[in-house]
Amino acid sequence: MKRRINIWTNIDWLVVIIYLLFVFFGWINIYAALYTEEHTSLIDLSQRYGKQFIWILASLLIAAMIIIIDSRFYVFFSYILYIAVGLSLILVLLVGKEVNNARSWFEIGGLSLQPAEFAKSVTVLALARYLSQQGRTPAAFKTLLVSLVIIFAPAMLIALQPDLGTTLIFFSLVLVLFREGLSTYLFVIGILAAVLFIATLLVDSILIYVAITVAGFIYHLITGRGAWISVKGLAIYITTGVALFAAIYLIRGTVPLELVFIIALVMSGLMYAYYIFRHKARYALITLAFLLGCMVFTYSVDYAFNNILLPHQQTRINVVLGIDSDPTGAGYNLNQSKISIGSGGFAGKGFLQGTQTKFKFVPEQSTDFIFCTVGEEWGFLGTAFVVTVFSFLLARLIWLAERQRSSFSRIYGYGVVSIFLFHFLINTGMTIGLVPIIGIPLPFFSYGGSSLWGFTILLFIFLRLDASRDEHLI
Amino acid sequence: MDRLKNIYNNRKILFYAIVFIAAVVMLSQLFALQVVNKTYRMSAENNVLRYVTQYPARGLIHDRNGKLLVFNQAAYDLMVIPGQTSDIDTAEICSILDIEKESFITRMRAASDFSKYAPSVFLKMVSSETYARLQEVLYRYPGFYVQTRTLRKYSYPSASHALGYVGEVNNNEIKADPYYKPGDYIGKNGIEKTYESFLRGRKGLKIYLVDVHNRIKGLYQGGKYDTISAPGKDIVSTLDIDLQRYGEKLMGDKNGSIVALEPSTGEVLALISTPDYDPSMLVGRIRTENYTKLQNDTLEPLFNRALMASYPPGSTFKPVNGLIALQEKVVSSNYQYFCDNGYYAPGIYVACHHFSSFNMPDAITASCNTYFCNAFRLLLDNPSYGSTAEGLRIWRSYLSEFGFGSKLGIDFPNELTGFVPKASFYDNIYGENRWKALTVISMAIGQGELGTTPLQMANMAAIIANRGYYLTPHIVKYIDNDTIAINPVFREKKEVSVDSLNFEVIIAGMKGVVNGGEGATATWVKIKDIVMCGKTGTAENPHGPDHSIFIAFAPEKNPKIAIAVYVENTGFGSTYAAPVASLMVEKYLKGKIENTWLENYILNPPDPDLMNDEDEKEEAVEEKEEIVEEKEEIEKKD
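Protein chains in written order, with the working numbering: chain A, 1 to 474; chain B, 1001 to 1638.
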């Protein structure tokens, strides 16, 4: 099945063009974000935009090298690269330079390198290698377990730096497992657990109990065979709940509401159990157990957060979730970020005309908040352009992944899609207040040699694999 | 084989769905933020635009001779932007500013509570010495800076009531005029208040661009929207500061008031109300503390008696009653009435101390109660009016021409109207037609319900001096060296309907008061070479000894000054108010005091108890005459 083909013509140039477009547009925005009267040259090497120019040139070189190397290299060396980067993640914890209370950087000469940025691509390589082996499917428990270890081993090391933003990105690879056959139940339960976990920390748990109960009732009403029994169940549920609430209130004055909810559910559950027993409706039993599970989970998360975690740990989680509204902290960033983007209007204030940008109101504007510069100076036209083209890029990458004939390439492709998707969603989402502030870069746009190189490697290995999709099956 | 593994192919839908939904959600949120919502543009402007007010220098105030009375000195407000401060050496700052550490902490907290990123005043009106010391260390304290403003400074510790003072605007003032912003200064009283719109100038505004550290990066749009401040206009007051200060010196620690006018123009030459205060007390950081102190002072130093105190005018009111009686022809200038130690009428007795017959001028000179009670009764109960109420109405209409019972309209806040009762006032007490001239006879001699202010009495003296007209008293002569902005009302002559011949009758009497006549009450204050016409008065005071009053004008022909002097609780008009008035007139007309004996008598008064003793007074007068004679002899020898 081996055919020699010209990889240069077989490369997906559309993706390459989008890549170049983004890198160039990102560079211009970094220039705008850091522009000073004293340094007007775009390639002034004393400034970040000058340095980014070097990083871009180096990226193009790296991209070319990746294309030149035989695609089988990435398959055969995947574990070795994975272990090598893994070791560097351990090493950085020992000898790394501490910046902002995190040991994330190696300093070699004048160059700073962030191994975590490279960990993403090698983890995807290793995962692709492992899952693409004969007879492996995430539907199998052992394979799932090993896959999770492959994914979360580097993630844990990165969390120790600590760099919680990058750690979070590794969760995106669970999507790859789903694509490759992870049980829908497990996947949904996992997603739900994650959503419940975050929701519990963000909003009052009482709201969650109510939401879960209502959702369960509606679900049962729609799918269950007996609407009447649902109504009866709800009646018992509400009656028990209110009675309990009243009783506890009369005795103690204060009521642990979550207990009332759970007990009420158990009481109505007894009635359900009778119904289930008589009609052998296992279906309803699952719903019931599921609801109970959700509540217990929420209760435990809440309990653990409030009673087991130490205050400084709580604060850290709050900061990651953007709950901490310290105006100089996350709340300030979000506010200024929204002002920057919102003040851009439809057509933007014009290149180098953004006052928010020019006078440095948004911290980290050349790195994590580069999207603000786009929003302020290029307006809705600019942001819509970035969002649309980025979404198109992701769709194109999904399409490319699907056309792979080898599992390795497909899995790797989905890994690339998942990681870019998370970066894009979290980064742009946080600047406009849809997602809590989590400090991760916007691929191709944000300033930084390591991140740009990391994304370039991630993308171009996939383009290389795709270019030789007809060459050999791996 | 691989194809077999790809059985979950349809799960790609989830990926496409996530990308599609994410794109839609993201684009909607961006559309909402950037296109629909317009408030972010404003927030961005608030972030970078700093509006810095340029405070203009307030206009200066001069006296009528060009002497500078009020000017400006630089003051420094220490400002702080709490969000930018770091590494504060609290001990050093406190020692430089001379404040306690607790005070530092509370000020800092107040500033933080207001805003972490906007400047607040940390300490107001730092002295220039402190400012100099502060400047040496300020570079080490980011977030602190000094804003320059101007404060009022006074050349003399005088004329506090006339000049008024300047203070921070209150909420009502901000509401009334949106020109004012919290922290601005506004004239609170006196000239400062009435002429606020001229003195204040116009504030300017500079719009700066600042970065996130509040560092100024330049002018917004090159200063296109900036406005330039215009300095306040200078004012020349009608006051003669030398006369004013001399009057304050003469009043000493006595309570009372002096108002001196230039009859031909209505210009206020001196406006004194004692006790007063040093205007410098109400400037700067000490203002609030001192204001409270002055406000709580039982002697009411903030109370401007010249315009706001209403006294019964006493005998000083006799000239105007005389004028009305003459004009209404109820008496003629030669009409005689006999005083038998008082005025006797059915059910009434008004004490007097003469035993002779008086015509009008003599009655003024001798201040005969009997004569004026009779004249007043003849006036009010004149059968040709039909009723006493009508008589009162006619009398009252004359008085209102003289400016009594209503505000004169001086360019001064808080002027009092005084009180002249209407017929209805008595109807309410006694019932309609159930009262007669005798019921209200005390008004014949300026007592009873009558209330007049020192300003009104000085104006009355001016009317007599002018033989029948006055110009509304005013205290400002030029604004910005021009009369154009002066209210034209102050140039309008206001005539009273009394013939000038009748004035001459009264003036003859008033001339006698000072220059000798039968029973003259104040000859001892006669001024050498100047004919001063005056009238003594004594206002009965329920709270203590009588008030001593004197009104006068001089010289008799072409009068240059009209004056009213009130000295509270010092007895007869001749004992205290008359010498003060005499000295004021002499000072103004001669520019110096030749009658040093009289001056000494006022400045170092003998025991006030003795002052009421007639013998002592006569002795004092004789002593004075001896001195005058001696002096004349010395002059003859030369």
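Note that CB positions come from ideal geometry on N, CA and C, so glycine has one too.
For residue i, which of the options has the nearest alpha-carbon?
i: tyrosine 1576 of chain B; options: B:Gln1447, B:Ala1074, B:Leu1151 and B:His1547; result: B:His1547
i: valine 23 of chain A; options: A:Tyr130, A:Leu310, A:Ile54 and A:Ile198; result: A:Ile54
i: aspartate 1226 of chain B; options: B:Gly1218, B:Ile1099 and B:Lys1233; result: B:Gly1218
i: glycine 1591 of chain B; options: B:Leu1399, B:Tyr1349, B:Asp1240 and B:Val1350; result: B:Asp1240
i: glycine 348 of chain A; options: A:Ile339, A:Phe380, A:Val362 and A:Ser337; result: A:Phe380
i: phenylalanine 1503 of chain B; options: B:Asp1480, B:Lys1528 and B:Gly1468; result: B:Gly1468
i: threonine 1302 of chain B; options: B:Leu1326, B:Ser1229 and B:Asn1255; result: Here the sequence assigns leucine to residue 1302 of chain B, which means threonine is not the residue at that position. When each option's Cα is compared against that of leucine 1302 of chain B, the closest is B:Asn1255.
i: phenylalanine 1572 of chain B; options: B:Asn1600, B:Lys1557 and B:Lys1535; result: B:Lys1535
i: leucine 1299 of chain B; options: B:Pro1275, B:Asn1321 and B:Glu1092; result: B:Pro1275
i: alanine 1091 of chain B; options: B:Ser1237, B:Lys1101, B:Val1513 and B:Glu1248; result: B:Lys1101
i: alanine 159 of chain A; options: A:Ala194, A:Ile208 and A:Val92; result: A:Val92
i: serine 957 of chain B; options: B:Arg1200, B:Trp1395 and B:Gln1456; result: This structure gives no information on residue 957 of chain B, because the portion of chain B shown stretches from 1001 to 1638.
i: glycine 1066 of chain B; options: B:Thr1417, B:Asp1242, B:Tyr1165 and B:Val1505; result: B:Asp1242
i: phenylalanine 261 of chain A; options: A:Arg136, A:Val99, A:Val296 and A:Ala304; result: A:Val296
i: isoleucine 1507 of chain B; options: B:Leu1323, B:Ile1013 and B:Thr1472; result: B:Leu1323
What residue range is occupied by the uninterrupted alpha helix (DSSP H) comprising residue i?
i: leucine 459 of chain A; result: 449-467
i: serine 1257 of chain B; result: Counting along the chain, serine 1257 of chain B falls outside any alpha helix (DSSP H), though it belongs to the beta strand (DSSP E) covering 1256-1262.
i: tyrosine 79 of chain A; result: 78-95
i: asparagine 1377 of chain B; result: First, the amino acid is wrong: residue 1377 of chain B is arginine here, not asparagine. Residues 1369-1380.
i: histidine 1161 of chain B; result: 1160-1163
i: phenylalanine 166 of chain A; result: Per the sequence shown, the amino acid found at residue 166 of chain A is threonine instead of phenylalanine. It spans 164-170 - the alpha helix (DSSP H) in which threonine 166 of chain A sits, taken as one unbroken run.
i: methionine 1510 of chain B; result: 1500-1515
i: glutamate 1390 of chain B; result: 1388-1401
Compute the beta-carbon to beta-carbon distance between residue i and residue j, rounded to the nearest angstrom, for a pair I have assumed lies under 8 Å.
i: threonine 1453 of chain B; j: leucine 1307 of chain B; result: 6 Å
i: leucine 1078 of chain B; j: leucine 1123 of chain B; result: 4 Å
i: glycine 1409 of chain B; j: valine 1489 of chain B; result: 7 Å
i: serine 71 of chain A; j: tryptophan 453 of chain A; result: 20 Å between Cβ atoms; not a contact.
i: threonine 428 of chain A; j: phenylalanine 371 of chain A; result: 5 Å
i: cysteine 971 of chain B; j: tyrosine 1344 of chain B; result: The structure shown does not extend to residue 971 of chain B, since chain B is modelled only from 1001 to 1638, so the question has no answer here.
i: serine 450 of chain A; j: glutamine 114 of chain A; result: 4 Å
i: leucine 465 of chain A; j: tyrosine 412 of chain A; result: 6 Å
Regarding residue i and the ligand FAD, is the C-beta to nearest heavy atom distance less than 7 Å?
i: isoleucine 28 of chain A; result: Judged by which ligands are present, the structure shown has none, so any question about the ligand FAD falls away.
What residue range does the beta strand (DSSP E) around residue i cover?
i: cysteine 372 of chain A; result: Careful: cysteine 372 of chain A lies outside any beta strand (DSSP E), inside the alpha helix (DSSP H) at 370-402.
i: histidine 1354 of chain B; result: 1348-1358
i: lysine 1535 of chain B; result: 1533-1539
i: lysine 1493 of chain B; result: 1493-1495
i: tryptophan 105 of chain A; result: 102-108
i: threonine 1521 of chain B; result: From DSSP, threonine 1521 of chain B is part of no beta strand (DSSP E); its letter is neither H nor E.
Report task. Would you list, in chain order, the members of the stretch 172-193 of chain A that have their beta-carbon closer than 8 Å to a beta-carbon of chain B? Result -> Leu175, Phe178, Arg179, Glu180 and Gly181
Query raised in the report: Taking one C-beta from the stretch 42-58 of chain A and one from the stretch 381-394 of chain A each time, how about it: are there three or more such pairs within less than 8 Å?
Result: no
Query - Residues within the stretch 1007-1034 of chain B neighbouring chain A, beta-carbon criterion of under 8 Å - result: When C-beta distances to chain A are compared with 8 Å, the residues of the stretch 1007-1034 of chain B below that value are Ile1007, Tyr1008, Asn1009, Arg1011, Lys1012, Leu1014, Phe1015, Tyr1016, Ile1018, Val1019, Phe1020, Ala1022, Ala1023, Val1025, Met1026, Leu1027, Gln1029, Leu1030, Phe1031, Leu1033 and Gln1034, in chain order.
**Report entry** Inter-stretch contact (C-beta, 8 Å, three-pair minimum) for the stretch 1259-1276 of chain B and the stretch 1149-1168 of chain B
**Finding:** yes
Query raised in the report: Below 8 Å, can you find three or more Cβ-Cβ pairs linking the stretch 1197-1211 of chain B to the stretch 338-354 of chain A?
Result: no
Query raised in the report: Which residues, in order along the stretch 1271-1283 of chain B, keep a beta-carbon less than 8 Å from a beta-carbon of chain A?
Result: none
Requested in this report: Could you run through the stretch 1156-1186 of chain B and flag, in chain order, every residue whose CB is less than 9 Å away from some CB of chain A?
Outcome: none
Query - Within 7 Å of chain A by C-beta, residues of the stretch 1074-1087 of chain B in sequence order - result: none
Report task. Would you check if there are 3 or more beta carbon pairs closer than 8 Å linking the stretch 1376-1383 of chain B to the stretch 1427-1445 of chain B? Result -> yes
**Report entry** Three or more C-beta pairs below 8 Å linking the stretch 1360-1374 of chain B and the stretch 1385-1404 of chain B
**Finding:** no
Report task. Name, going along the chain, the residues of the stretch 440-467 of chain A whose beta-carbon falls closer than 8 Å to a beta-carbon of chain B. Result -> none
Query raised in the report: Do the stretch 1229-1248 of chain B and the stretch 1180-1187 of chain B make contact, defined as three or more Cβ pairs closer than 8 Å?
Result: no
Requested in this report: Kindly confirm or deny that the stretch 423-441 of chain A and the stretch 167-175 of chain A touch, where touching means at least three C-beta pairs closer than 8 Å.
Outcome: yes
**Report entry** Under 8 Å (Cβ pairs) to chain A, residues found in the stretch 1045-1066 of chain B
**Finding:** Glu1045, Asn1047 and Val1048
Query raised in the report: Within the chosen definition, does the stretch 1513-1520 of chain B reach the stretch 1274-1292 of chain B through at least 3 CB pairs nearer than 8 Å?
Result: no
Query raised in the report: Touching or not, the stretch 1334-1342 of chain B and the stretch 1480-1487 of chain B, by the rule of three or more beta carbon pairs under 8 Å?
Result: no
Query raised in the report: Looking at C-beta atoms only, is the number of pairs between the stretch 393-409 of chain A and the stretch 1048-1055 of chain B that lie closer than 8 Å three or more?
Result: no
Requested in this report: Mind the definition here: the stretch 1552-1571 of chain B touches the stretch 1244-1261 of chain B only if three or more C-beta pairs lie below 8 Å; say whether that holds.
Outcome: yes
Query - Contact set between the stretch 1211-1225 of chain B and chain A, restricted to residues whose Cβ is under 7 Å from the partner - result: Asp1211, Val1212 and Lys1217
Query raised in the report: Are the stretch 138-149 of chain A and the stretch 69-86 of chain A touching, with three or more C-beta to C-beta distances below 8 Å?
Result: Using a Cβ-Cβ distance cut-off of 8 Å, the stretch 138-149 of chain A and the stretch 69-86 of chain A are not in contact, since fewer than three pairs of beta carbons, one from each stretch, lie closer than that value.
Report task. Please name the residues in the stretch 77-108 of chain A whose beta-carbon is closer than 8 Å to at least one beta-carbon of chain B, in chain order. Result -> none
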